[in-house]
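Residue numbers (the UniProt record's numbering): 1 to 175.
For each residue, glycine too, the CB sits at the ideal point set by N, CA and C.
Here the structure comes first, spelled out in structure tokens, and everything after it is commentary.
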Amino acid sequence: MTLSSATHSATINTVTVEYAARRKFRLNHEHGKIFDLLDAVYDPELTGVSLWDLGVLQNVSQQGAQWLVTISPTYSGCPAIDIMIEDIKVCLTNAGMEPVKVETQLSPAWTTDWVSPAGKTAMISHGIAACESQVICPQCHSQHVSRLSQFGSTSCKALYRCLDCLESFDYFKPL
């Protein structure tokens, strides 16, 4: 469900109800500063998109002396998950927050409704069509596109070609 949306340009302003709830959760969270630290951890396959903006980072808690970070991978078997876990541990350890444990949460399953507007905008700036219901070319913003393959550079993306500017591009599939 969309609260508001703008025309497609270099910036996406679509805020889903699910993302709005995540944002409120983070703003009111007792460990909000830890979330802020983790904004420096990016998805290794989507350069410039933080784990928070991608909707992967779910929670931070403290259990005794240990910090527990909960993430939800975009797809079961995501090949980038081990790198994400290591990057989270390095980020918090470098900030003096250790020991750190990262757990994956598969339920509820990750959804593109958790992706922030900043995450969608970053995808577009890197030539990836954002996870919107209408596939838009990230180069010329045309809706005149054709799917070349159900799978792009990773299983969470499909490969498209713009019929106006003739550029091929990945489309982050909505779930």
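Could you pull out every residue in the same chain whose Cβ sits closer than 7 Å to the Cβ of residue i, ignoring the five residues on either side in sequence?
i          : result
residue 18 : 111, 113, 114
residue 73 : 56, 81, 104, 110
residue 39 : 50, 52
Compute the Euclidean distance between the alpha carbons of residue i and residue j, then round it to the nearest angstrom.
i           : j           : result
residue 139 : residue 132 : 16 Å
residue 9   : residue 63  : Reliability fails at residue 9, whose pLDDT of 45 lies under 50, so the model's placement of it is uncertain and the value that follows must be treated cautiously. Between residue 9 and residue 63, the C-alpha separation is close to 44 Å.
residue 135 : residue 163 : 12 Å
residue 31  : residue 122 : 25 Å
residue 65  : residue 101 : 11 Å
residue 71  : residue 150 : 26 Å
residue 99  : residue 166 : 50 Å
Short of 6 Å in beta carbon distance, which residues of its chain neighbour residue i, apart from the five on each side in sequence? Order them along the chain.
i           : result
residue 161 : 146, 148, 168
Under 8 Å by Cβ, that's how I've got residue i and residue j pegged, so tell me the actual separation to the nearest angstrom.
i           : j           : result
residue 84  : residue 56  : 7 Å
residue 130 : residue 172 : 6 Å
Suppose the cutoff is 8 Å on Cβ atoms and the five residues either side in sequence are ignored; what does the same chain contact list for residue i look like?
i           : result
residue 106 : 72, 73, 76
Using the three-state DSSP reduction, which class does residue i fall into: helix, strand or coil?
i           : result
residue 171 : strand
residue 40  : coil
residue 17  : helix
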